[in-house]
Amino acid sequence: DIQMTQSPSTLSASVGDRVTITCRASQSINSWLAWYQQKPGKAPNLLIYKASSLESGVPSRFSGSGSGTEFTLTISSLQPDDFATYYCQQYYRFSWTFGQGTKVEIK
Amino acid sequence: QVHLQQWGAGLLKPSETLSLTCAVYGGSFSGYYWSWIRQPPGKGLEWIGEISHSGSTYYSPSLKSRVTISVDTSKNQFSLNLSSVTAADTAVYYCARTTVTRYFDFWGQGVLVTVSS
Numbered sequence: 057d058i059q060m061t062q063s064p065s066t067l068s069a070s071v072g073d074r075v076t077i078t079c080r081a082s083q084s085i086n087s088w089l090a091w092y093q094q095k096p097g098k099a100p101n102l103l104i105y106k107a108s109s110l111e112s113g114v115p116s117r118f119s120g121s122g123s124g125t126e127f128t129l130t131i132s133s134l135q136p137d138d139f140a141t142y143y144c145q146q147y148y149r150f151s152w153t154f155g156q157g158t159k160v161e162i163k
Numbered sequence: 034q035v036h037l038q039q040w041g042a043g044l045l046k047p048s049e050t051l052s053l054t055c056a057v058y059g060g061s062f063s064g065y066y067w068s069w070i071r072q073p074p075g076k077g078l079e080w081i082g083e084i085s086h087s088g089s090t091y092y093s094p095s096l097k098s099r100v101t102i103s104v105d106t107s108k109n110q111f112s113l114n115l116s117s118v119t120a121a122d123t124a125v126y127y128c129a130r131t132t133v134t135r136y137f138d139f140w141g142q143g144v145l146v147t148v149s150s
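Residue numbers (the working numbering), protein chains in the order written: chain H, 57 to 163; chain E, 34 to 150.
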């Protein structure tokens, strides 16, 4: 399996901050990467696919970049609704695997 | 608007079989794969397996020996069976619509399945 490693595991930030989360793959996955947001007690919600394509309805303050083995999710100006856990997922090679998650907390 | 509604038994004893069903409302059923994903309490996401509308299945190697996913296209439903459960299978189980490139764009609400004697 391709291993996905996110950093940091927890991030403390304030409303209005620019936030960056990193996801690294154990081998190249080209751009076959998605990002999800999950709030407590809820199912994950797709934010980004193909590394940088914004899912319909997702605010433009979310952006993704990267290719190969290193990827980032950036929130340009953190809003109160953005405090959540974020997961990356590779879909380059079966079986599909997720990062361990990054929790964005209120500072 | 696509909506996934899932249901199934929430409390099992060790060695029993977990059974969940997911119904899909809206959108195309035939143009996608359909996945099951689980999340142990306080932990991350684990993909279990997927099925196409025609019944082709792909399972996680770590669970393959215990997993069966089936589909009922007449009802736009798909189901998960996981046999011989143990406490390690305690998790919230999600169904999800899976694109042809294999990311997950719509999810069910999740069902907590607890395995306890």
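Beta carbons are placed, not taken as given, at the ideal position from N, Cα and C, and that holds for glycine. Note that the structure is predicted; figures quoted are calculated from it, not measured.
Item to check | Delimiting residues of the beta strand (DSSP E) encompassing E/Glu49 | outcome: E/Glu49 -> no beta strand (DSSP E), and no H or E assigned at all.
Checklist entry - Going by the CB atoms, is the gap between E/Thr106 and E/Phe62 shorter than 8 angstroms? => result yes
Item to check | Complete beta strand (DSSP E) runs within the segment 75-150 of chain H (minimum length 3 residues, chain order) | outcome: Annotation note: the segment 75-150 of chain H contains the following uninterrupted beta strand (DSSP E) runs of length 3 or greater, listed N- to C-terminal: 75-81, 89-94, 101-105, 118-123, 126-131, 141-146.
Checklist entry - Along chain E, in chain order, which residues have C-beta atoms closer than 8 angstroms to that of H/Thr78? => result Here the premise fails: no neighbours, minimum Cβ distance about 16 angstroms.
Checklist entry - Residues of chain E with a CB under 7 angstroms from the CB of H/Gln156: which are they? => result Gly77
Next on the checklist: I need the straight-line Cα distance from E/Ser68 to H/Lys98, nearest angstrom please.
Outcome noted: 17 angstroms
Checklist entry - Do you know how far the Cα of E/Leu145 is from the Cα of H/Leu103? => result Annotation: H/Leu103 to E/Leu145 spans about 24 angstroms, alpha carbon to alpha carbon.
Checklist entry - Rounded to a whole number of angstroms, what is the C-alpha to C-alpha distance between H/Lys163 and H/Ser68? => result Approximately 5 angstroms between the Cα atoms of the pair.
Item to check | Where H/Ala99 meets chain E, residues with beta-carbon distance less than 7 angstroms | outcome: Tyr127, Trp140, Gly141, Gln142, Gly143
Item to check | Per-residue DSSP class, three states only, for E/Ala121 | outcome: helix
Next on the checklist: Against E/Tyr91, what residues of chain H qualify as contacts under a CB-to-CB distance less than 8 angstroms, listed in chain order?
Outcome noted: Simply Phe150, Ser151.
Checklist entry - Whose CA, out of H/Ser151, H/Phe127, H/Ser132, lies closest to the CA of E/Leu78? => result H/Ser151
Checklist entry - Whose C-alpha, out of E/Ala129, E/Gly41, E/Arg99, is nearest the C-alpha of E/Glu83? => result E/Ala129
Checklist entry - In chain E, which residues lie less than 7 angstroms from H/Ala90 when you measure between Cβ atoms? => result Tyr136
Checklist entry - Who does E/Asn114 pair with in a DSSP beta bridge? => result E/Ser52, E/Thr101
Next on the checklist: Tell me the DSSP secondary structure of H/Gln156 in three-state form.
Outcome noted: coil
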